[in-house]
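Undergrad: I'd like to ask some things about the structure below.
Numbering (my numbering), first residue to last: 89 to 825.
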């Protein structure tokens with residue numbers, strides 16, 4: 089018995105174990121370790137603790153994370169066939185009809201055939217070169233659109249994004265098709281849906297999760313619209329081909345990518361005939377893989393050059409010397425632009441377009457560095473961390489293009505310390521296509537324009553996690569709110585309204601001396617009454633109903649609502665009746681405000697400017713404000729609701745908190761009254777102007793706002809653009825703060 093136990097123990101101890109990793113929660117596994125920052129940042133930080141080969145349990149998924157060149161080589165070269173599969177992704181399976189696209193097709197004969205078609209025909213260097221005139225034409229339009237705004241701030245990100253998608257669309261479809269914009273919008277939706285860690289992929293055994301969250305319905309809608317557009321495009325290409333007599337030997341010169349795929353569909357010598365569904369899946373591959381990645385690289389390249397003026401000057405000097413000598417600006421210039429090539433290489437090292445590459449899946453159990461990798465494990469290679477590995481790169485966080493000057497390292501995946509496009513069998517097949525869409529835009533941007541940051545921003549201040557550009561609608565609306573509706577002059581013009589309403593409030597209290605009163609309710613009526621008169625002038629007949637609706641809406645939107653925590657779930661909104669309640673409130677608001685606005689539009693008085701209420705001011709701004717973005721009646725209603733919800737309850741809370749604190753601290757209350765009463769007892773009126781003399785009362789108000797702020801948690805902010813940096817941490821766009 090003892091010998092048997094020893095033998096079992098020896099066998100057990102000799103069996104390789106999983107790579108190390110962070111501690112796990114029941115059901116969720118290691119998901120909670122990824123929630124605090126960008127995934128590739130967090131995975132690098134975890135790898136510093138647990139090693140370059142790390143195991144995470146994400147829900148039902150066993151995930152292996154690779155974070156060093158040595159382990160990347162094991163996965164992408166030594167055991168390349170073992171890790172040649174792609175994991176199941178729900179989004180890809182729905183949109184691409186069971187993952188029939190090149191990107192996520194399982195490793196096998198079908199994938200090899202698609203790969204060969206892409207390498208030899210669709211994305212070969214010769215085919216990419218055939219689209220040179222398309223790229224040059226689209227980039228010329230792009231440069232012209234920028235030149236029309238010289239001296240003004242521009243949203244370079246959006247323009248570059250449109251450029252790269254435009255080039256891809258023309259390469260795929262030929263001339264610009266009528267549904268191109270709709271198609272590009274769908275591609276962006278599909279790419280966003282498939283990105284990141286989706287709950288449907290983390291718990292793949294649950295067929296109900298995609299339905300409950302609305303994810304499946306959303307993807308099916310995207311697929312339906314996508315198929316409708318591509319069906320029309322394919323039919324147009326078939327009709328054109330029939331009319332043009334395809335036997336012409338020169339026809340290949342005018343082929344776009346859809347033509348190439350249709351030609352392969354008609355051939356009888358392929359092992360797996362291409363269906364229309366296969367063609368659609370490959371088209372989506374080309375768009376999702378060849379557009380946004382190129383625009384991201386151009387954007388990062390420009391950002392790094394703006395942050396490093398010496399590099400910018402050096403790149404521009406090189407380009408301008410070459411172009412001035414040659415007399416033209418075209419793609420052939422790139423052969424002589426040594427420094428620009430270094431800039432692109434360094435940009436891809438620091439900012440690989442897909443930081444975690446595309447995931448792989450182990451086809452069978454294998455062993456790496458003494459650790460067991462189970463079959464069906466999802467494998468993530470952190471190319472971003474590898475490109476910043478201090479063991480392989482000197483000053484890895486520094487933008488230093490010259491580091492590649494005497495180096496033979498390139499993009500092709502042969503050097504595992506530098507894999508922006510991956511490596512091995514699953515290396516990006518569109519590398520040449522993507523780089524061509526990066527080189528020419530950078531050449532022309534740097535040749536034609538001198539670039540500066542906005543006034544007041546230095547290159548040291550430039551946040552490398554933020555996209556270019558600003559949002560115009562917010563600026564336009566808030567400026568008019570500040571200078572029109574809520575200006576100091578307008579607030580002062582409402583002084584008589586405030587004094588009259590406060591006098592009524594004091595009189596109502598004085599009728600019940602010595603009796604308990606509900607001060608909270610009285611204060612609420614006062615502040616809402618002041619806001620209503622400021623907004624609508626005389627008391628309107630529906631004022632009480634309107635205030636009641638405001639209270640209802642504030643109560644509904646406050647706090648953490650379940651539907652806001654799970655915004656993709658339409659079912660939750662339906663079950664808890666929040667949506668129906670809000671729609672009912674919305675209808676009530678609309679009806680009351682429509683009546684009030686119509687009354688104001690129809691009323692004509694000779695009253696002076698100071699007698700106008702806020703609706704009058706808003707109507708004036710709407711009519712004569714010379715706004716870049718016109719304000720609609722719906723905008724007006726929304727701002728009126730803003731003023732009631734933010735300008736009434738907050739004032740009530742502050743007054744109530746101040747009185748409560750004074751009652752709790754009798755000495756301070758006595759001091760405040762001693763400050764107020766001498767001023768009040770003097771001859772003459774007691775009004776708002778007296779507050780200038782009440783120094784201690786000002787301190788009481790400040791102290792109240794310190795211990796009882798208007799909002800314990802300020803309104804949520806949401807990050808626009810791609811990334812933001814706070815205290816050396818990077819945050820994703822669409823993140824609530």
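Backbone N, C-alpha and C fix where the C-beta goes; we use that ideal spot for every residue, glycine too.
Remember, predicted model here, so these are calculated numbers, not experimental data.
1. If you reduce the DSSP assignment to three classes, tell me which class residue 106 lands in.
2. Out of 526, 328, 365, which one is the CA nearest neighbour of residue 249?
3. Ignoring anything shorter than 4 residues or poking outside the region 456-522, list the alpha helix (DSSP H) runs there in chain order.
4. Can you give the beta carbon distance from residue 470 to residue 444, rounded, assuming they're within the 8 Å contact cut?
5. Would you check if the distance between the CB atom of residue 489 and the CB atom of residue 440 is smaller than 9 Å?
6. Going by the C-beta, is residue 158 closer than 8 Å to any heavy atom of the ligand COA?
7. Going by DSSP in three states, residue 454 sits in which element: helix, strand or coil?
8. Cutting at 6 Å between CB atoms, please list the residues of its own chain near residue 640, excluding the five before and the five after it.
9. Just reading off the alpha helix (DSSP H) that residue 145 is part of, what are its end residues?
10. Tell me the rounded alpha-carbon separation between residue 304 and residue 122.
11. Considering only the alpha carbon of each residue, which of 451, 190, 144, 200 lies closest to residue 173?
12. Run through DSSP, which three-state label would residue 355 get?
13. For residue 186, which three-state DSSP category applies?
14. Bridge partners of residue 587, per DSSP?
15. On the DSSP bridge assignment, give the partners of residue 596 in chain order.
16. Could you spell out the range, first to last residue, of the alpha helix (DSSP H) harbouring residue 150?
17. Which same chain residues, not among the five before or five after residue 253, have their C-beta less than 6 Å away from its C-beta?
18. Report yes if the C-beta distance between residue 222 and residue 247 is below 9 Å; otherwise report no.
19. Within 10 angstroms of its Cβ, does residue 609 collect 16 or more other Cβ (buried), or is it exposed?
20. If I measure Cβ to Cβ from residue 696 and keep anything under 6 Å in the same chain, skipping five residues before and after, which residues do I get?
21. Quick one: measure Cβ to Cβ for residue 295 and residue 381, integer angstroms, because I've assumed they're closer than 8 Å.
22. Might you give, ordered along the chain, the residues of its own chain that have their beta carbon closer than 7 Å to the beta carbon of residue 759, omitting 5 neighbours on each side?
23. Using 9 Å as the threshold, is the C-beta distance between residue 152 and residue 465 below it?
24. Specify, as a first and last residue, the run of the alpha helix (DSSP H) that residue 399 falls within.
25. So, under 8 Å CB-CB, residue 407 and residue 534 are touching, yes? Tell me the CB distance rounded to an integer number of Å.
26. Alpha carbon to alpha carbon, how far is residue 227 from residue 178?
27. In angstroms, rounded to a whole number, what distance separates the CA positions of residue 398 and residue 383?
28. By alpha-carbon positions, which one of 419, 401, 424 ends up nearest to residue 410?
29. Thinking C-alpha only, which one of 778, 742, 767, 766 is nearest residue 788?
30. Based on DSSP bridge pairs, tell me the residues matched to residue 448.
31. In the DSSP assignment, find the alpha helix (DSSP H) that holds residue 539 and state where it starts and stops.
32. Tell me whether the beta-carbon of residue 374 lies closer than 9 Å to the beta-carbon of residue 256.
33. Give me the Cβ distance between residue 292 and residue 176, rounded to the nearest whole Å; I'm assuming they're in contact under 8 Å.
34. Mind checking whether residue 360 and residue 198 have CB atoms under 9 Å apart?
35. Check whether the Cβ atoms of residue 110 and residue 144 lie closer than 9 Å to each other.
36. What residue from 740, 728, 786, 739 has the CA that sits closest to residue 756's CA?
TA: So, from the listed chains and residues:
1. To locate residue 106, count along the chain shown from 1; it is residue 18. Coil at residue 106, not helix or strand.
2. By 1-based counting over the chain shown, the position of residue 249 is 161. Taking only the C-alpha atoms, the option nearest residue 249 is 526.
3. 471-474
4. Within the chain shown, the letter at position 382 stands for residue 470. Within the chain shown, the letter at position 356 stands for residue 444. Going by Cβ atoms, the distance from residue 470 to residue 444 rounds to 6 Å, so yes, they are a contact pair.
5. For the purposes of this step, residue 489 is identified with residue 401 of the chain shown, where counting begins at 1. For the purposes of this step, residue 440 is identified with residue 352 of the chain shown, where counting begins at 1. Contact: no.
6. Inclusion of the ligand COA in the displayed structure is not the case, the ligand content being empty and no account of it being possible.
7. Numbered from 1 along the chain shown, position 366 holds the residue referred to as residue 454. Three-state DSSP puts residue 454 in a strand.
8. Translated into the one-based positions of the chain shown, residue 640 becomes position 552. Here the set comprises 673.
9. Locating residue 145 in the chain shown gives position 57, where the first residue counts as 1. Element bounds for residue 145: not the alpha helix (DSSP H) but the beta strand (DSSP E), 141-146.
10. By 1-based counting over the chain shown, the position of residue 304 is 216. By 1-based counting over the chain shown, the position of residue 122 is 34. Cα to Cα, the separation comes out at about 25 Å.
11. In the chain shown, counting from the first residue as 1, residue 173 sits at position 85. Measuring from the Cα of residue 173, the nearest candidate turns out to be 451.
12. Translated into positions along the chain shown, residue 355 becomes position 267. In this structure, residue 355 counts as coil in the three-state DSSP scheme.
13. If you number the chain shown from 1, residue 186 lands on position 98. Correct three-state label for residue 186: coil.
14. Counted from its first residue, the chain shown places residue 587 at position 499. DSSP lists no bridge partner for residue 587.
15. Walking along the chain shown from the start, residue 596 turns up at place 508. For residue 596, which the question treats as bridged, DSSP gives no partner whatsoever.
16. The residue given as residue 150 occupies position 62 in the chain shown. Residue 150 -> not in any alpha helix (DSSP H); beta strand (DSSP E) instead, spanning 149-154.
17. Indexing the chain shown from 1 puts residue 253 at position 165. So the qualifying residues of the chain are 272, 379.
18. On the chain shown, residue 222 is found 134 positions in, with the first residue counted as 1. On the chain shown, residue 247 is found 159 positions in, with the first residue counted as 1. Going by C-beta atoms, residue 222 is not nearer than 9 Å to residue 247.
19. Here residue 609 is taken as the residue at index 521 of the chain shown, counted from 1. Exposed.
20. As a position in the chain shown, residue 696 is number 608, starting the count at 1. Residue placement at residue 696 is flagged as unreliable, the pLDDT there being 45, under the threshold of 50; the coordinate-derived value follows with that caveat. So no residue of the chain qualifies.
21. Residue mapping note: residue 295 aligns to position 207 of the chain shown, counting from 1. Residue mapping note: residue 381 aligns to position 293 of the chain shown, counting from 1. Going by Cβ atoms, the distance from residue 295 to residue 381 rounds to 32 Å, so no, they are not a contact pair.
22. Taking the chain shown and counting its residues from 1, one reaches residue 759 at position 671. Closer than 7 Å at Cβ, skipping near neighbours: 784.
23. Here residue 152 is taken as the residue at index 64 of the chain shown, counted from 1. Here residue 465 is taken as the residue at index 377 of the chain shown, counted from 1. Contact flag set, yes.
24. For this step, residue 399 is matched to residue 311 along the chain shown. Element bounds for residue 399: 397-414.
25. Position 319 of the chain shown, counted from the first residue, corresponds to residue 407. Position 446 of the chain shown, counted from the first residue, corresponds to residue 534. Yes, they are in contact, since the Cβ atoms of residue 407 and residue 534 sit about 5 Å apart, within 8 Å.
26. The residue labelled residue 227 in the question sits at position 139 within the chain shown. The residue labelled residue 178 in the question sits at position 90 within the chain shown. So the alpha carbons of these two residues sit roughly 36 Å apart.
27. Reading the chain shown from its first residue, position 310 is the one you call residue 398. Reading the chain shown from its first residue, position 295 is the one you call residue 383. Each residue's Cα considered, the two are about 23 Å apart.
28. As a first step, residue 410 must be located in the chain shown, where it is residue number 322. Residue 410 has its Cα closest to that of 424, out of 419, 401, 424.
29. Here the question's residue 788 lines up with position 700 in the chain shown. Residue nearest to residue 788 within the set 778, 742, 767, 766 is 742 (criterion: CA-CA distance).
30. Position 360 of the chain shown, counted from the first residue, corresponds to residue 448. Looking at the DSSP assignment, residue 448 forms a beta bridge with 467.
31. In the chain shown, the residue the question calls residue 539 occupies position 451. Here residue 539 belongs to no alpha helix (DSSP H), and DSSP marks it neither H nor E.
32. Residue 374 sits at position 286 when you count from the first residue of the chain shown. Residue 256 sits at position 168 when you count from the first residue of the chain shown. The answer is yes: Cβ separation under 9 Å.
33. Within the chain shown, the letter at position 204 stands for residue 292. Within the chain shown, the letter at position 88 stands for residue 176. Contact between residue 292 and residue 176 holds, with the beta-carbon distance rounding to 6 Å and staying under 8 Å.
34. Residue mapping note: residue 360 aligns to position 272 of the chain shown, counting from 1. Residue mapping note: residue 198 aligns to position 110 of the chain shown, counting from 1. Yes, these two residues count as a Cβ contact at 9 Å.
35. Stepping through the chain shown from its first residue, residue 110 is reached at position 22. Stepping through the chain shown from its first residue, residue 144 is reached at position 56. A contact, by the Cβ cut-off of 9 Å.
36. Position 668 of the chain shown holds residue 756. Residue 756 has its Cα closest to that of 786, out of 740, 728, 786, 739.
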